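Last residue of the sequence shown: number 71 in the numbering used here, and the count goes up by one each step with no gaps.
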Amino acid sequence: YGLAAYVQSGDIDHARKIAGRLRAGQVSINYPEWDTFAPFGGYKQSGNGREYADWAIHDFLEIKGIIGYGA
C-alpha cells in the first residue's frame with residue numbers, strides 16, 4: 001500500500017537515492033527519531049492526504065471560487 005518504508009545502509013547517499021525511488025508516504029533511513037514536523041501519510045490506498053506539520057491544516061480548508069457581477 002505504500003504507507004511507510006525503511007532503508008538501512010552504511011552509504012547515506014545510496015540510501016537517499018533508494019528512499020527517493022520508493023512509493024511510500026514516509027521513508028526512514030537508519031532508524032532516525034520520529035519528527036512531528038515531517039509529513040505523515042501514504043501513497044495509493046493507504047490513506048488520504050497528509051498529517052502533522054503544515055500539511056494537516058489543508059485538510060480543514062476548502063478552496064471556493066465566487067463569481068458574480070456588480071449591481
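Built from N, CA and C at the ideal position, the CB exists for glycine as well.
Since this is a predicted model, take the numbers as computed values, not measurements.
Residue 30 and residue 24 have their C-alpha atoms spaced approximately 16 Å apart.
Residue 26 counts as buried, since no fewer than 16 other beta carbons sit within 10 angstroms of its beta carbon. Residue 24 sits in coil when the DSSP states are folded into three classes, being neither helix nor strand.
Take residue 19, set aside five residues on each side of it, and the residues of its chain with a beta-carbon closer than 7 Å to its own are 7, 27, 29, in chain order.
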